[in-house]
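J.:
In UniProt numbering, the protein residues as written are 1 to 265.
(1) On the premise that residue 138 lies in contact with residue 153, defined as a C-beta separation below 8 Å, what is that separation, rounded to the nearest angstrom?
(2) By DSSP, does residue 199 sit in helix, in strand, or in coil?
(3) Could you tell me the distance, in whole angstroms, from the CA atom of residue 44 to the CA atom of residue 65?
(4) So, do the stretch 95-111 and the stretch 157-165 have three or more beta carbon pairs nearer to each other than 8 Å?
(5) Return the CA-CA distance between residue 55 and residue 133, expressed in angstroms with no decimal places.
(6) Using 10 angstroms around the beta-carbon of residue 135, count the other beta-carbons present and answer buried if the total reaches 16, otherwise exposed.
(7) Quick check: the Cα distance between residue 90 and residue 140, rounded to an integer number of angstroms?
(8) Under a three-way DSSP split, which group does residue 117 fall into?
(9) Could you give the residue range of the beta strand (DSSP E) that holds residue 181?
(10) Given a cut-off of 8 Å on the beta-carbon distance, is the pair residue 126 and residue 106 in contact?
(11) Contact defined as beta carbons within less than 8 Å: I believe residue 214 pairs with residue 176. What is the distance between those atoms, to the nearest angstrom?
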């Protein structure tokens with residue numbers, strides 16, 4: 001007969017900011033092009049260097065012409081990376097456009113700010129909805145006429161937090177479950193170990209947005225289940241200046257705390 005487990009549940013939060021660009025200043029155009037019959041003067045393609053967004057939220061990647069002028073009859077191409085035209089996200093030409101398969105229904109022209117006049121005023125910003133971790137990376141905004149062109153790049157950073165849960169001293173093998181707002185979270189990252197006395201320990205981790213409220217529960221069928229709940233945003237706010245929510249180029253931190261969960265005899 002095994003004694004009731006003295007269960008220690010540990011949660012660890014690690015900030016994960018996926019990014020390729022590290023500059024923090026605003027980007028100026030990479031190319032100033034000559035005017036032709038469509039323009040009264042030279043124009044530049046201007047944008048921001050980086051944008052931080054939470055998973056499942058909407059991101060606007062700013063890109064516009066300076067000085068302001070209509071982009072309705074120009075070719076506008078957004079693509080992943082800084083050199084590969086083949087990895088297209090969205091294209092616009094002569095008031096028509098197309099989207100790549102993985103972005104269908106998720107991308108459109110957006111507004112860099114509330115005062116923007118849209119395409120008529122040279123705002124060619126990309127609006128991306130339901131952002132995923134896979135969306136993080138460098139995007140290029142390319143604008144061209146029949147003879148000339150210009151471009152600007154922006155890094156999209158999708159901010160996530162890794163939360164891990166560990167419990168030990170169980171028999172028989174326990175079940176570990178993650179949930180978010182009473183809905184189960186799927187995690188393929190569950191590991192079980194057994195010590196020399198035959199008792200089990202379990203460890204698991206999940207990636208969530210930094211605004212999530214999640215819980216980790218560990219238990220055995222027909223026995224008491226122990227649960228730990230964590231408000232990730234509150235925890236990160238408690239850490240204060242140790243975590244930069246602006247998603248700069250610096251590395252993340254590692255923090256931990258523990259709860260002793262004793263089963264009733």
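The beta carbon of each residue, even a glycine, is placed where N, CA and C say it ideally should be.
T.: A quick look at the data gives this:
(1) For the purposes of this step, residue 153 is taken as residue 153 along the chain shown, with counting starting at 1. For the purposes of this step, residue 138 is taken as residue 138 along the chain shown, with counting starting at 1. Indeed they touch by this definition, with Cβ atoms about 6 Å apart.
(2) Start at 1 with the first residue of the chain shown, and residue 199 comes out as number 199. DSSP, read as helix, strand or coil, puts residue 199 in coil.
(3) Translated into positions along the chain shown, residue 44 becomes position 44. Translated into positions along the chain shown, residue 65 becomes position 65. The alpha-carbon atoms of residue 44 and residue 65 are separated by roughly 6 Å.
(4) Too few Cβ pairs lie closer than 8 Å, so no.
(5) As a first step, residue 55 must be located in the chain shown, where it is residue number 55. As a first step, residue 133 must be located in the chain shown, where it is residue number 133. Between residue 55 and residue 133, the C-alpha separation is close to 7 Å.
(6) What you label residue 135 is simply residue 135 of the chain shown in a count that begins at 1. Note on residue 135: 16 or more other CB atoms within 10 angstroms of its CB, so buried under the neighbour-count rule.
(7) The sequence position of residue 90 within the chain shown is 90, counting from 1. The sequence position of residue 140 within the chain shown is 140, counting from 1. Those two C-alpha atoms are separated by around 11 Å.
(8) Taking the first residue of the chain shown as position 1, residue 117 is located at position 117. Under the three-state reduction of DSSP output, residue 117 falls in the coil class, being neither helix nor strand.
(9) Within the chain shown, the letter at position 181 stands for residue 181. Unbroken run through residue 181: none, as it is neither H nor E.
(10) Position 126 of the chain shown, counted from the start, is the residue given in the question as residue 126. Position 106 of the chain shown, counted from the start, is the residue given in the question as residue 106. No, these two residues do not count as a Cβ contact at 8 Å.
(11) Here residue 214 corresponds to residue number 214 of the chain shown, with the count starting at 1. Here residue 176 corresponds to residue number 176 of the chain shown, with the count starting at 1. Their Cβ separation, rounded to whole angstroms, is 13 Å, which puts residue 214 and residue 176 out of contact at 8 Å.
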